[in-house]
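Since the structure comes first, as structure tokens, the remarks are kept for the end.
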Amino acid sequence: MSVSPTESRGRVKGGTPLWKGKRMKRKLLLMLLCAALGLGAAQAEVYRVENEADVPADWAEKDTLRLTCIDTNRSDAMVLQSGGEAMMVDSGEGRYRRRVYATLDGYGITELKYLLNTHCDDDHLHGFIYLMYSDLYQVDAFLSPNTTTYVDEEGYHQQAVKATGTKNIPYVQIGDGDELTLGNAKLTIFRCPLPTGQNNRSAACMVQFGDSRAFLTGDIDNETMQWYATTYGEKLRCDILKAPHHGLATIPDSFVEQTQPQVLFVPNRSALSTKVTAGWVKNHMPGAALYFSGDGTVTMLTDGTDWYIWQEPNYVDPQ
Numbered sequence: 026m027s028v029s030p031t032e033s034r035g036r037v038k039g040g041t042p043l044w045k046g047k048r049m050k051r052k053l054l055l056m057l058l059c060a061a062l063g064l065g066a067a068q069a070e071v072y073r074v075e076n077e078a079d080v081p082a083d084w085a086e087k088d089t090l091r092l093t094c095i096d097t098n099r100s101d102a103m104v105l106q107s108g109g110e111a112m113m114v115d116s117g118e119g120r121y122r123r124r125v126y127a128t129l130d131g132y133g134i135t136e137l138k139y140l141l142n143t144h145c146d147d148d149h150l151h152g153f154i155y156l157m158y159s160d161l162y163q164v165d166a167f168l169s170p171n172t173t174t175y176v177d178e179e180g181y182h183q184q185a186v187k188a189t190g191t192k193n194i195p196y197v198q199i200g201d202g203d204e205l206t207l208g209n210a211k212l213t214i215f216r217c218p219l220p221t222g223q224n225n226r227s228a229a230c231m232v233q234f235g236d237s238r239a240f241l242t243g244d245i246d247n248e249t250m251q252w253y254a255t256t257y258g259e260k261l262r263c264d265i266l267k268a269p270h271h272g273l274a275t276i277p278d279s280f281v282e283q284t285q286p287q288v289l290f291v292p293n294r295s296a297l298s299t300k301v302t303a304g305w306v307k308n309h310m311p312g313a314a315l316y317f318s319g320d321g322t323v324t325m326l327t328d329g330t331d332w333y334i335w336q337e338p339n340y341v342d343p344q
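FYI, this note's numbering numbers position 104 of the sequence shown as 129, with every residue one higher than the one before it.
Written out as structure tokens, the structure reads:
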């Protein structure tokens, strides 16, 4: 078993954190200090493990949030699960749909409360069109920041709208400040109103479960990240950050300062991520863990206090 807490946050024995001793006292003192100063909760502990077998056995009985970023090469496809409910944030390119189905089936998922599309590029939306027509899963609602009459040049949004009508799936337009629930998790939508293209106007999503927070950013670019940092400030604080735009966007220092993630994951292959690299993280987010889901599906599991994270080998499509 290999367990590696980020920033050397204490030792782990037998897959179970040692809650007693100096580390526990330090955490309690930090929580008390935060409360006294009127600050937010202390950041969660993050444990990097080889696979789910390394997660403490008693977590099977806990209420948890699971975030899975599927290996769909250089495209976004994420599954969230909490309290017996499941949803997806983006779907990846249509050609990777069988990887998505394999993940959903592996979890025993038959119903998706939401299909949340951050914006209508094919590498975020195309898979949803196939999924809705497949009849493999019950879909309770399709969520988009765009109106049903919005027209995108490639036509994927129009195809998605048609699919919702054909399959009688409710279409819900989401906007800045909207809140959703998934089990005991709360999702808050962030969206920039500036007319700077659909990437920058992606519907970003802050996922909160207990004191644990993950920020899913769509394809926002440098300009929007700066706007977010100025507009939302510490509301962006998170344990886990999805690198915007597949690691192809320069992340400004102001955004790093407000998010302060302990883990950065990139829906891309490491060889194709031009801006977010191991060297960049070392210089700008020292101590943060870095994952590329294009090199293998990344799973992040939290009980609302701590995170366990592991990565699978690169996906090999069945012949």
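Backbone N, C-alpha and C fix where the C-beta goes; we use that ideal spot for every residue, glycine too.
Exercise. How many Å lie between D201 and S169 at the Cα?
Worked result: 12 Å
Exercise. Counting along the chain, where does the alpha helix (DSSP H) carrying W305 start and finish?
Worked result: A303 to H309
Exercise. Just how far apart, CA to CA, sit A69 and D236?
Worked result: 7 Å
Exercise. Should N308 be labelled buried (16 or more other beta-carbon atoms within 10 Å of its own) or exposed?
Worked result: exposed
Exercise. CB I379 to CB T322, shorter than 7 Å?
Worked result: The first residue shown for the chain is 26 and the last is 344, placing residue 379 beyond what the model contains.
Problem set entry | Per-residue DSSP class, three states only, for K87 | In the three-state reduction of the DSSP assignment, K87 falls in the coil class.
Exercise. Closest by CA to T206, which one among E248, T221, Q106 and D264?
Worked result: Q106
For this session: Identify which residue in I154, A228 and R216 has its Cα closest to the Cα of T256.
Result: R216
Exercise. For Y72, which option in R123, A314 and L273 has the closest C-alpha, if you only look at C-alpha atoms?
Worked result: A314
For this session: State the start and end residues of the unbroken alpha helix (DSSP H) segment that holds Q285.
Result: Here Q285 belongs to no alpha helix (DSSP H), and DSSP marks it neither H nor E.
Problem set entry | Collapsed DSSP secondary structure at Q336 in the structure displayed | Here Q336 carries a strand assignment [DSSP, helix/strand/coil].
For this session: Return the residue from the list G152, L150 and V197 that minimises the CA-CA distance to T173.
Result: Comparing Cα positions, the closest option is V197.
Exercise. Does DSSP put R120 in a helix, in a strand, or in coil?
Worked result: Three-state result, R120: helix.
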